[in-house]
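Those letters in the sequence shown? Residues 120 to 386, per this note's numbering, in order.
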Amino acid sequence: MKSWQGQSLSWDTKDGVIELTLHRSPCNEIGSLTLEELEKFANALDGLAANAHALIIHSSMKPGFCAGADLRELYERSQKMAKGDAAKGVREFLERIHAVMNAIDAVPLTTIASVHGVTFGGGFELALVCDLIVADKMARFCFPELRLGLIPGFGGIPRLKRDLGNGVVRDLLLTGRSINATKAQAVGLISQITAEGEALKVARATAAQIGKFDRETAIVAKQFIKPIPCEELKREIDIFCDLFARPAVEQGLRKFVESTDAQPYLP
């Protein structure tokens, strides 16, 4: 399926480049609908990759790339279930999103996240799946999960540890504060900073450059430098599920849901 249009995302392929566009209002929160459509994309990815050399993931929403998990949906669903059923549902969701993330991580293409604005939580984790991150100068990156009594659950910490030094990882995880694109480039998180609104243009130019190289060599190079931390990813799911059962998490989610802030996910 060369192109597809969904409610929360769509994709198209042109000149050997697959573009996955996130377009769920207000800021591409990842809930059950987005997960289902991401799974559809992951299932189509092998076929798409056969005639492509690069994948770009970007957002058409003005606030940013992705604000992370749909916490309102998570809270509302957990309130309707017995605690045991809620925990089982969370584990199932995490296992499904990890399968999608791992599929994108391992795809034999050079993958580029083109990000702007809010790139938080699960959105940050989606960007970390990609080989390269191109960010406009207004992008901000954050793991706010500790404010909810949780850790990132979509594979972010193992992948961040794969790419960066532990000092940066601990700072992002334990403080919950955000960093801007300049700081992110300085610590090696992103490969390019662009002018505001220019990230997708630069990502497309990068993808075109990649298309000049031998595809098989690029695949081998990626496999050599980018191992998938499978055991740590499995451990992350276990830790997240253990934490989710604590009262502090329900309190944190309730506070988020009841917030009257226009953008309650901001630090």
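In this text, a Cβ means the ideal position worked out from N, Cα and C, and glycines have one as well.
Gly-268 and Glu-244: beta carbons closer than 7 Å? Translated into positions along the sequence shown, residue 268 becomes position 149. Translated into positions along the sequence shown, residue 244 becomes position 125. No, the pair does not count as a contact, with Cβ atoms beyond the cut-off.
For Ser-310 and Arg-281, the rounded distance between their alpha carbons: Working through the sequence shown from its first residue, we reach residue 281 at position 162. Working through the sequence shown from its first residue, we reach residue 310 at position 191. The alpha-carbon atoms of Arg-281 and Ser-310 are separated by roughly 15 Å.
Between the C-alpha atoms of Thr-230 and Cys-249, what's the straight-line distance to the nearest angstrom? As a position in the sequence shown, residue 230 is number 111, starting the count at 1. As a position in the sequence shown, residue 249 is number 130, starting the count at 1. Whole-angstrom Cα-Cα distance: 5 Å.
The segment 163-183 / the segment 323-338 touching (three or more Cβ pairs under 8 Å): yes
Taking contact to mean 3 or more Cβ pairs, one atom from each stretch, closer than 8 Å, check whether the segment 123-130 and the segment 151-165 are in contact. The answer is yes - the segment 151-165 touches the segment 123-130, with three or more Cβ pairs under 8 Å.
Ala-305 versus Val-288: straight-line alpha-carbon distance, rounded: Taking the first residue of the sequence shown as position 1, residue 305 is located at position 186. Taking the first residue of the sequence shown as position 1, residue 288 is located at position 169. So the two alpha carbons sit approximately 14 Å from each other.
Quick check on DSSP: helix, strand or coil for Gly-307? Against the sequence shown, residue 307 aligns to sequence position 188. Of the three classes helix, strand and coil, the one that applies to Gly-307 here is coil, per DSSP.
Can you check whether the CB of Ala-246 is closer than 7 Å to the CB of Ile-312? Position 193 of the sequence shown, counting from 1, holds the residue named residue 312. Position 127 of the sequence shown, counting from 1, holds the residue named residue 246. No.
Where Ile-137 and Ile-149 are concerned, what is the direct C-alpha to C-alpha distance, given to the nearest angstrom? Walking along the sequence shown from the start, residue 137 turns up at place 18. Walking along the sequence shown from the start, residue 149 turns up at place 30. Roughly 21 Å between the two C-alpha positions.
Is it true that the CB of Phe-260 sits closer than 7 Å to the CB of Gly-187? Within the sequence shown, numbered from 1, the residue matching residue 187 stands at position 68. Within the sequence shown, numbered from 1, the residue matching residue 260 stands at position 141. Going by C-beta atoms, Gly-187 is not nearer than 7 Å to Phe-260.
Tell me the DSSP secondary structure of Ala-324 in three-state form. Position 205 of the sequence shown, counted from the first residue, corresponds to residue 324. Ala-324: helix per DSSP, three-state reduction.
Do Ala-300 and Lys-256 have their CB atoms nearer than 7 Å? Position 181 of the sequence shown, counted from the first residue, corresponds to residue 300. Position 137 of the sequence shown, counted from the first residue, corresponds to residue 256. For Ala-300 and Lys-256, yes; Cβs fall inside 7 Å.
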